[in-house]
Every structure is written in C-alpha cells, then in structure tokens.
Amino acid sequence: MLKLEIISPFEKVLSTEAKQVILPTQMGEVGLLKGHVPLMTQLKLGVLKVFSSGGEVSYAIKGGYAQLVANTVSVLTDEARASSDINAADLQTEISALEKKLVDLESEAEASGTKEHASAHQQERIREALRFCQLQASLLNQR
21 MLKLEIISPF EKVLSTEAKQ VILPTQMGEV GLLKGHVPLM TQLKLGVLKV FSSGGEVSYA
81 IKGGYAQLVA NTVSVLTDEA RASSDINAAD LQTEISALEK KLVDLESEAE ASGTKEHASA
141 HQQERIREAL RFCQLQASLL NQR
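Numbers given in our numbering equal positions in the sequence shown, counted from 1, plus 20.
Written out as structure tokens, the structure is:
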C-alpha cells in the first residue's frame with residue numbers, strides 16, 4: 021500500500037492509504053503503485069484518482085507538486101476537492117459569479133482603452149478559477 025497525503029495551503033485535504041494513485045502531471049497521467057521508483061513531478065490542473073480497498077475517489081486539483089519516496093506520496097496543491105464534496109448548486113453559483121467578474125473586468129479594460137498588467141493578471145486568475153470549476157463540473161457528471 022501507498023501512504024497518500026494531499027495538502028493545500030489551508031488544510032490537509034487527505035491522509036490515507038491507497039493501492040494506486042494516478043496523478044495529472046505536466047507530461048500526462050502517471051500511475052503509482054507500491055514499490056514505484058522515487059519521483060518528483062509538477063502537477064497540472066486535473067483529476068487525481070485514488071484507488072483503495074473502499075473503491076475509487078477522484079479529486080479535482082489545481083496543479084502543484086507531487087513527491088513519491090519510500091511508498092509515501094505527498095501532493096502539494098493550491099486547492100483540492102473530492103468529487104463527493106462538490107455541490108452542483110454551489111458550483112453553478114460560483115461559475116456565474118466568476119463569469120460576471122470576468123465580463124466586468126474585460127469591459128473596464130476596453131472602456132479605459134488600456135490593458136493594464138494588473139487587470140490582465142486578474143483576468144487570468146479568474147479564468148483559472150473557471151477552469152477549476154469546469155473540472156469539478158466534469159467530475160459531477162461522472163458520478
């Protein structure tokens with residue numbers, strides 16, 4: 021068995037044992053089993069899958085890093101949400117708010133005639149949050 025920990029800046033999301041872990045890396049999906057060679061990899065926005073004796077659980081993650089040493093997988097990510105914790109109504113509310121915020125920022129940038137660096141940075145952060153919401157929505161559809 022592997023020991024798995026998923027940690028975000030705000031909480032320890034998960035600490036469990038798993039038969040297999042599938043990571044969404046920058047180079048594609050990587051499956052980890054007991055006895056895998058040590059590994060350090062960058063993660064992308066995607067689905068992290070955990071297989072244990074209780075079945076499969078999927079987590080939407082916002083990128084980050086993963087390390088495997090001595091059958092212990094440590095995942096550091098900005099945010100992770102288990103598919104079972106995703107609420108459709110809350111997710112739709114969040115998507116609507118983000119879309120409105122993005123439209124407002126784009127309108128402000130057009131009205132001022134300038135694309136300020138700060139505004140472009142804010143827009144990219146909102147787009148990233150929208151991609152994370154869309155990933156969660158896809159997990160909802162798979163349940």
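Note that CB positions come from ideal geometry on N, CA and C, so glycine has one too.
Keep in mind it's a predicted model, so treat the numbers as computed, not measured.
Under the DSSP definition of a beta bridge, which residues are partnered with methionine 21?
Position 1 of the sequence shown, counted from the start, is the residue given in the question as residue 21. In the DSSP output, where bridge partners are listed per residue, methionine 21 has none listed.
Rounded Cβ spacing between valine 67 and valine 41 (contact assumed at less than 8 Å):
Indexing the sequence shown from 1 puts residue 67 at position 47. Indexing the sequence shown from 1 puts residue 41 at position 21. 12 Å between Cβ atoms; not a contact.
Cutoff 7 Å; reference histidine 56; Cβ partners in own chain excluding five residues on either side
Stepping through the sequence shown from its first residue, residue 56 is reached at position 36. Once the five neighbours on either side are set aside, the close Cβ partners of histidine 56 are Leu88.
Can you give the Cα-Cα distance for lysine 120 and glycine 51, rounded to whole angstroms?
To locate residue 120, count along the sequence shown from 1; it is residue 100. To locate residue 51, count along the sequence shown from 1; it is residue 31. When rounded, the distance between both Cα atoms is 38 Å.
Select from Tyr85, Ser104, Arg101 and Ala102 the residue whose C-alpha is nearest the C-alpha of alanine 95.
The residue labelled residue 95 in the question sits at position 75 within the sequence shown. One point to set straight first is that residue 95 is valine, not alanine, in the sequence displayed. Among Tyr85, Ser104, Arg101 and Ala102, the Cα nearest to that of valine 95 belongs to Tyr85.
Between cysteine 153 and tyrosine 79, what straight-line distance do the alpha-carbon atoms span, to the nearest angstrom?
Locating residue 153 in the sequence shown gives position 133, where the first residue counts as 1. Locating residue 79 in the sequence shown gives position 59, where the first residue counts as 1. When rounded, the distance between both Cα atoms is 12 Å.
For the beta strand (DSSP E) containing serine 28, name the first residue and the last one.
Taking the sequence shown and counting its residues from 1, the one referred to as residue 28 is at position 8. Segment: none, serine 28 is in no beta strand (DSSP E) and carries neither H nor E.
Hey, quick one: how far does the alpha helix (DSSP H) through isoleucine 17 stretch, first residue to last?
Residue 17 lies beyond the range of the chain shown here (21 to 163); nothing can be said about it.
How should leucine 160 be labelled, buried or exposed, when 16 other C-beta atoms within 10 angstroms of its C-beta is the threshold for buried?
As a position in the sequence shown, residue 160 is number 140, starting the count at 1. The residue is exposed, with fewer than 16 neighbouring Cβ atoms inside 10 Å.
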